[in-house]
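Heads up, the thing below is written out as structure tokens.
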Amino acid sequence: MNVDVDAPLIERVKRGDTRAFEMLVVKYQRRIERLIGRMVRDVDLVPDIAQESFIRAYRAIPQFRGDSAFYTWLYRIAVNTAKKALMELKRDPLVSETALASRDEDDETSRVENELSDGETPESIMASKQIAGVVNAAIEALSEDLRQAIVLREIEGLSYEEIAEVMNCPIGTVRSRIFRAREAIAQRLRPMLDARAGDRW
Amino acid sequence: MLDESEDGARSLLGLSALADGELDPAATRQACSRWHGDAAARASWHAYHLIGDVLRSDDLASDTARDAGFLNALRVRLAAEPVVLAPQCVEAGAGDMEAVSDRRAARGSRWSWLGPAAVAAGFMAVASVLVVTRGNAPLEGASDSLARSSAGGSAVLTAALPVPGAASESAANAPDEPQTLVADGKLVRDARLERYFAAHSQFGGSSALGVPSGFLRAATTQAPGR
Chain A
18 MNVDVDAPLI ERVKRGDTRA FEMLVVKYQR RIERLIGRMV RDVDLVPDIA
68 QESFIRAYRA IPQFRGDSAF YTWLYRIAVN TAKKALMELK RDPLVSETAL
118 ASRDEDDETS RVENELSDGE TPESIMASKQ IAGVVNAAIE ALSEDLRQAI
168 VLREIEGLSY EEIAEVMNCP IGTVRSRIFR AREAIAQRLR PMLDARAGDR
218 W
Chain B
42 MLDESEDGAR SLLGLSALAD GELDPAATRQ ACSRWHGDAA ARASWHAYHL
92 IGDVLRSDDL ASDTARDAGF LNALRVRLAA EPVVLAPQCV EAGAGDMEAV
142 SDRRAARGSR WSWLGPAAVA AGFMAVASVL VVTRGNAPLE GASDSLARSS
192 AGGSAVLTAA LPVPGAASES AANAPDEPQT LVADGKLVRD ARLERYFAAH
242 SQFGGSSALG VPSGFLRAAT TQAPGR
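In order, the protein sequence lines correspond to chains A and B.
Under the numbering used here, the first residue of the first sequence is numbered 18, with each subsequent residue one higher.
Under the numbering used here, the first residue of the second sequence is numbered 42, with each subsequent residue one higher.
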């Protein structure tokens with residue numbers, strides 16, 4: 018079994034490729050924000066702390082040796098960043114959004130981004146529910162082969178090799194089934210995502 | 042047209058495999074370039090992971106505007122960070138320096154070649170002093186390897202010189218370039234330097250002087266020992 022599915026991207030980041038780090042951010046931002054959201058009550062602080070966590074991870078990545086999975090490592094950084102932010106808040110309860118970091122010049126922009134990325138507006142809660150509904154409906158509509166392949170990968174966390182064994186087919190077939198499953202779901206999702214994409218990727 | 046869409050599908054297949062950590066390094070590099078330049082690839086990368094997250098838990102569903110806003114805000118902060126470079130990875134793939142120089146060029150740093158150039162010149166001086174003062178029998182091996190290394194040093198210099206202007210071009214369409222640089226890299230960094238780096242976990246100072254400064258120090262501390 019793969020030790021870390023992120024190893025290829027981590028290698029890229031270590032070679033100075035920030036694009037690879039951006040890809041990791043897109044991959045983990047939702048999980049990291051949910052984690053922080055469970056620790057910090059002030060929802061306005063969640064994106065800030067998540068950002069700070071990713072920045073710290075980026076700075077520390079040369080020291081990341083791959084002894085644990087990247088996500089485990091990132092998770093620990095996020096927990097520590099959130100704890101530190103909570104302690105600072107306790108010390109200075111009046112300061113909220115900008116209590117976090119040593120960034121002066123960014124405050125204006127990040128304040129705007131906070132408003133944009135606030136997770137608690139009725140609209141975005143609605144959008145999230147719709148997205149979840151579309152994904153679940155699309156999964157139901159998949160053929161058995163495709164559904165089994167993507168479930169074994171995403172929910173059971175099996176490697177392609179293991180899935181090939183379970184499904185008794187070549188690894189190339191596993192790769193293509195998972196891809197086709199993702200594309201089938203993404204196709205239903207795209208009109209909705211595109212319509213809401215105020216910010217372009 | 043058909044070729045184009047086939048190519049697009051193949052690259053998305055690669056992104057899908059990369060999302061699962063099942064892509065080889067060369068293809069990963071291509072996928073990263075694609076992520077940088079292709080909005081459809083970026084949207085697909087987001088969609089694939091969003092799908093995975095929602096499969097695991099409905100409360101991870103999130104809309105694109107929110108996620109893209111998060112990344113855009115982070116980009117502003119990342120741009121202010123020094124570029125990450127872990128030494129062993131630079132050695133393994135010297136060609137990937139192009140990604141760094143890409144960023145440096147983007148920031149308009151026109152003098153980034155000065156660091157390596159200065160260090161290479163300094164190293165040449167050290168090498169020639171050693172050759173002149175202690176150039177005979179007992180040092181044959183050392184001066185030999187130093188001469189080889191200094192040839193490598195100037196190779197690095199020439200490789201570094203054209204970087205600011207040509208960076209984006211080479212990132213886009215020169216898959217062959219890394220091989221030459223890797224060959225140069227081997228000349229510059231022999232096994233003893235690697236052991237030295239491993240022993241000292243050398244990170245080599247600032248990003249501008251990163252690799253070459255470590256290389257210079259290693260050369261000066263090791264050569265007399267031979």
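By construction, the Cβ of each residue, glycine as well, lies at the ideal position given by its N, Cα and C atoms.
- When the Cα atoms are used, residue 77 of chain B and residue 107 of chain A turn out to be separated by approximately 41 angstroms.
- Taking a Cβ-Cβ threshold of 7 angstroms, the residues of chain B close to residue 42 of chain A are 112, 115, in chain order.
- Counting every other CB atom within 10 Å of its CB across the protein chains shown gives residue 204 of chain A a total below 16, marking it as exposed.
- Contact note: residue 99 of chain B reaches chain A through 149, using a C-beta cutoff of 7 angstroms and chain order.
- Following the DSSP letters along the chain, one finds residue 80 of chain A in no alpha helix (DSSP H), marked with neither H nor E.
- When the Cα atoms are used, residue 58 of chain B and residue 201 of chain A turn out to be separated by approximately 16 angstroms.
- Residue 88 of chain B has its alpha-carbon roughly 14 angstroms from the corresponding atom of residue 150 of chain A.
- The Cβ atoms of residue 125 of chain B and residue 78 of chain A lie closer than 7 angstroms to each other.
- For residue 85 of chain B, the enclosing alpha helix (DSSP H) begins and ends at 80-97.
- If you draw a straight line from the Cα of residue 33 of chain A to the Cα of residue 173 of chain A, it comes to about 32 angstroms.
- Under the DSSP assignment, residue 108 of chain A falls in the alpha helix (DSSP H) whose first and last residues are 87-108.
- The beta-carbon of residue 33 of chain A is placed less than 7 angstroms from the nearest beta-carbon of chain B.
- For residue 139 of chain A, same chain residues with a beta-carbon under 7 angstroms away, outside a window of 5 residues either side, do not exist.
- Using a CB distance below 8 angstroms, the part of the stretch 193-208 of chain A facing chain B consists of 193, 195, 196, 199, 200, 202, 203, 206, 207, ordered along the chain.
- Excluding five sequence positions before and after residue 175 of chain A, the CB atoms of its chain that fall closer than 6 angstroms to its own CB belong to 169, given in chain order.
- An exposed status is given to residue 48 of chain B, since fewer than 16 other beta-carbon atoms sit within 10 Å of its beta-carbon.
- Excluding sequence positions up to five before and after residue 52 of chain A, its CB lies within less than 6 angstroms of the CB of 95, all in the same chain and listed in chain order.
- Taking the Cα positions, residue 67 of chain A is about 6 angstroms away from residue 49 of chain A.
- With its beta carbon less than 7 angstroms from one in chain B, residue 68 of chain A belongs to the interface.
- The three-state secondary structure of residue 173 of chain A, taken from DSSP, is coil.
- At least one C-beta of chain B is nearer than 7 angstroms to the C-beta of residue 210 of chain A.
- What residue 48 of chain A touches in chain B, judged by beta-carbon distance under 8 angstroms, is 94, 101, going in chain order.
- Annotation for residue 110 of chain B: the continuous alpha helix (DSSP H) segment containing it runs 105-120.
- Burial state of residue 146 of chain A is exposed, judged by a 10 Å Cβ sphere holding fewer than 16 other Cβ atoms.
- In this structure, residue 161 of chain B and residue 210 of chain A do not form a Cβ contact; the two beta carbons are roughly 50 angstroms apart against a cut-off of 8 angstroms.
- Chain A has a Cβ within less than 7 angstroms of the Cβ of residue 63 of chain B.
- Proximity of residue 51 of chain B to chain A, defined by a Cβ-Cβ separation below 7 angstroms, is not satisfied.
- The beta carbons of residue 74 of chain A and residue 62 of chain A sit no closer together than 7 angstroms.
- Around the CB of residue 89 of chain A, fewer than 16 other CB atoms lie within 10 Å, so the residue is classed as exposed.
- Look at the beta carbons and you see the stretch 94-104 of chain B not touching the stretch 62-72 of chain B: under three pairs across the two are nearer than 8 angstroms.
- In the structure shown, residue 35 of chain A falls within a helical segment according to DSSP collapsed to helix, strand and coil.
- Annotation: residue 67 of chain B has no Cβ neighbours in chain A at a cutoff of 8 angstroms; minimum Cβ distance is about 10 angstroms.
- For residue 177 of chain A, same chain residues with a beta-carbon under 7 angstroms away, outside a window of 5 residues either side, are 188, 191, 192 in chain order.
- In the DSSP annotation of this structure, the continuous segment of the alpha helix (DSSP H) that includes residue 153 of chain A starts and ends at 139-158.
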